[in-house]
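Numbering (UniProt numbering), first residue to last: 1 to 133.
1) Under 8 Å between the Cβ atoms of residue 75 and residue 66?
2) Use the C-beta contact count for residue 117: other C-beta atoms within 10 angstroms, 16 or more gives buried, fewer gives exposed.
3) What are the partner residues of residue 10, as DSSP defines its beta bridges?
4) Alpha carbon to alpha carbon, how far is residue 77 from residue 112? Give it in angstroms, no decimals.
5) Alpha carbons only, please: which of 41, 61, 54 and 12 is nearest the one belonging to residue 89?
6) DSSP state of residue 82, grouped into three classes?
7) Of the residues 37, 23 and 56, which one's Cα is nearest the Cα of residue 44?
Below, the structure written as structure tokens:
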């Protein structure tokens, strides 16, 4: 599977709520660089992150555009996150089912045909404004 197809499949699994399938696209030593946060290393940490996100947020990504370099070892995606804030996340505003629409992007390193790094970016201040309104 080429890099663009790999990232497309990863996001298709996300949108379908198949977080276990997302793990199959990840390298064993995946690094997940979280927006304004730390680095989670390994599939198990990624699984824990997905479980937390699924309990706190319901999200669908739209307008996904995937880019990849010719070597196939780097990729990027731009998309819009359409979400609902379901359960209060520690240190964030109280969840009351608020809807949000947030432009976002991600960068990937591909190794051995798997995603070895995911770095996600979005405007946290914009999200805070939307869920606090």
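Heads up, the beta-carbon is just placed ideally off N, CA and C, and yes, glycines get one too.
Since the model is a prediction, treat every value here as computed from it, not as a measurement.
Result, derived from the coordinates:
1) The residue you call residue 75 lines up with position 75 of the chain shown. The residue you call residue 66 lines up with position 66 of the chain shown. Their beta carbons are under 8 Å apart, which means residue 75 touches residue 66 by this criterion.
2) If you number the chain shown from 1, residue 117 lands on position 117. It counts as buried.
3) Here the question's residue 10 lines up with position 10 in the chain shown. Residue 10 is not bridged to any residue.
4) Taking the chain shown and counting its residues from 1, one reaches residue 112 at position 112. Taking the chain shown and counting its residues from 1, one reaches residue 77 at position 77. Rounded to the nearest whole angstrom, the CA to CA distance from residue 112 to residue 77 is 20 Å.
5) For the purposes of this step, residue 89 is identified with residue 89 of the chain shown, where counting begins at 1. If we check each option's Cα against that of residue 89, 54 comes out closest.
6) What you label residue 82 is simply residue 82 of the chain shown in a count that begins at 1. Of the three classes helix, strand and coil, the one that applies to residue 82 here is strand, per DSSP.
7) Position 44 of the chain shown holds residue 44. The option with the nearest alpha carbon to residue 44 is 23.
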